[in-house]
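Q: Pasting a structure here, questions to come.
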Ligand SMILES: [Fe+2]
Ligand SMILES: [Fe+2]
């Protein structure tokens, strides 16, 4: 499966501009981490760009991501890809064993949070720094739908300190800021 096919599939299922951008953001973070860890960048990008592809059609638990996983299986996507995607939803109880699954989980909610912080800034993500993100993370009334617990657990499983992880993801998102609308 190529990245182009995965992107087409995501577009076929997802019309929402915001949801598409969320998946691009996670893709950008996955690409950057794949490079950092000398992993298969295209594979990691596919996981990022597809992880919520079924969410618009199946927004309820447990349909997302279980329905999507069935679709991916029918289309011949690998076990490795599907397991990583299932792992981003904790209720599936699919353990995040691979590095790819750990990175996906650690980046998913954080990308959403960084987007929420950046989008309201005059220069968006261009001059966003860790300190602003840290401050907003402590402000429980800000982007309260983003689970701080998931972010905490993600960095714990990945074994990278919050500051380092946030800075890394900001830089990764900056690379693709045009597509992210940031
Ligand atoms: Fe999801
Ligand atoms: Fe997501």
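Residue numbers (my numbering): 834 to 1015.
Glycine included, C-beta positions come from ideal geometry on N, C-alpha and C.
Could you name each continuous alpha helix (DSSP H) segment of 4 residues or more that falls completely within the region 913-972, going from the start of the chain to the end?
A: Taking only runs of at least 4 residues, the alpha helix (DSSP H) segments lying wholly in the region 913-972 are 932-952 and 963-971.
Q: To the nearest angstrom, how far is the alpha carbon of residue 884 from that of residue 918?
A: 5 Å
Q: Should residue 859 be counted as a contact of ligand 2 given a C-beta to heavy atom distance under 8 Å?
A: yes
Q: Identify whether residue 1010 lies in helix, strand or coil by the three-state DSSP scheme.
A: Taken through DSSP and simplified to helix, strand or coil, residue 1010 comes out as helix.
Q: Kindly give me the distance between the Cβ atoms of residue 886 and residue 901, rounded to whole angstroms, as I take these residues to be in contact under 8 Å.
A: 6 Å
Q: When you get a sec, list the residues whose CB is within less than 5 Å of any heavy atom of ligand 2, chain order please.
A: 885 and 941
Q: When the Cα atoms are used, what is the spatial distance from residue 893 to residue 905?
A: 18 Å
Q: Would DSSP call residue 909 helix, strand or coil?
A: coil
Q: Is residue 1067 helix, strand or coil by DSSP?
A: The chain is shown only over 834 to 1015; residue 1067 falls outside these bounds and no answer can be derived.
Q: Do the CB positions of residue 941 and residue 983 come within less than 9 Å of each other?
A: yes
Q: Does at least one heavy atom of ligand 1 sit under 8 Å from the Cβ of residue 922?
A: yes
Q: Does at least one heavy atom of ligand 1 sit under 8 Å from the Cβ of residue 888?
A: Because some heavy atom of ligand 1 lies under 8 Å away, the Cβ of residue 888 counts as near it: yes.
Q: Taking the continuous alpha helix (DSSP H) assigned at residue 854, which residues delimit it?
A: 850-869
Q: Do you know offhand how far residue 921's Cα is from residue 915's?
A: C-alpha separation (whole angstroms): 10 Å.
Q: At a threshold of 8 Å, does residue 897 count as lining ligand 1 (C-beta to nearest heavy atom)?
A: yes
Q: Leaving out five residues before and five after residue 927 in sequence, what residues of the same chain have Cβ atoms less than 7 Å from its Cβ?
A: 916, 919 and 920
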